[in-house]
């Protein structure tokens with residue numbers, strides 16, 4: 032049996048995206064995007080309202096952040112989680128490996144609205160999936176390279192699996208927060 036590993040790796044993420052993420056993000060409001068159901072949550076917020084000593088971002092809105100991360104890690108809003116997927120999961124890898132625009136937490140202009148975040152997420156996802164679709168078996172087996180620091184010698188397939196897991200994990204958290212928001216407003 033011929034097995035196309037590129038297709039398998041890509042479908043791991045695209046199936047979830049098409050059947051869960053995209054349909055369940057429809058109708059995300061700004062109120063829900065920024066909803067804080069627990070005290071001390073990290074979010075995306077106006078610079079003057081930062082809750083951490085070292086927030087990140089270049090625009091009027093920042094992302095609550097600390098390095099090292101506190102233990103236990105704070106609960107985060109939909110806005111924070113989507114921002115993490117846009118920048119830290121897809122964006123930085125898109126820039127390093129697929130010709131995407133340069134992006135990092137410190138210089139990113141964080142989206143203040145649900146619509147802007149969804150547009151940025153769609154674009155980051157598009158670049159990632161188009162990049163993965165262009166990988167052949169030789170490239171999947173080759174080392175990922177210095178952009179991945181101590182993981183430079185890992186095969187590119189390992190990076191694809193890792194980024195897919197991260198996206199699935201954080202987007203499932205977003206969908207759970209949406210379920211909780213809807214339940215408390217019934």
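In the working numbering, the protein residues as written are 32 to 217. Glycine included, each C-beta is placed from N, C-alpha and C at the ideal position. These numbers come from a predicted model, not from an experiment.
For the set 107, 124, 66, the Cα lying nearest the Cα of residue 163 is the one of 124.
Note on residue 179: 16 or more other CB atoms within 10 angstroms of its CB, so buried under the neighbour-count rule.
By the neighbour-count definition (other C-beta atoms within 10 Å, threshold 16), residue 46 is an exposed residue. Minimum Cα-Cα distance from residue 95 among the listed residues 130, 160, 114 corresponds to 114.
Scanning its chain for C-beta atoms nearer than 6 Å, with the 5 sequence neighbours on each side dropped, one finds around residue 122 the residues 134, 155, in chain order.
With fewer than 16 other Cβ atoms inside 10 Å of its own Cβ, residue 35 counts as exposed. Fewer than three pairs of CB atoms, one per stretch, sit closer than 8 Å, so the stretch 52-60 makes no contact with the stretch 126-140.
In this structure, residue 202 sits near residue 116, with a CB-CB distance shorter than 8 Å. In the DSSP assignment, residue 158 falls within the unbroken alpha helix (DSSP H) covering 145-164. In terms of Cβ geometry, residue 145 and residue 64 form a close pair [threshold 8 Å]. Cα atoms of residue 175 and residue 33: separation of roughly 25 Å, rounded to the nearest angstrom.
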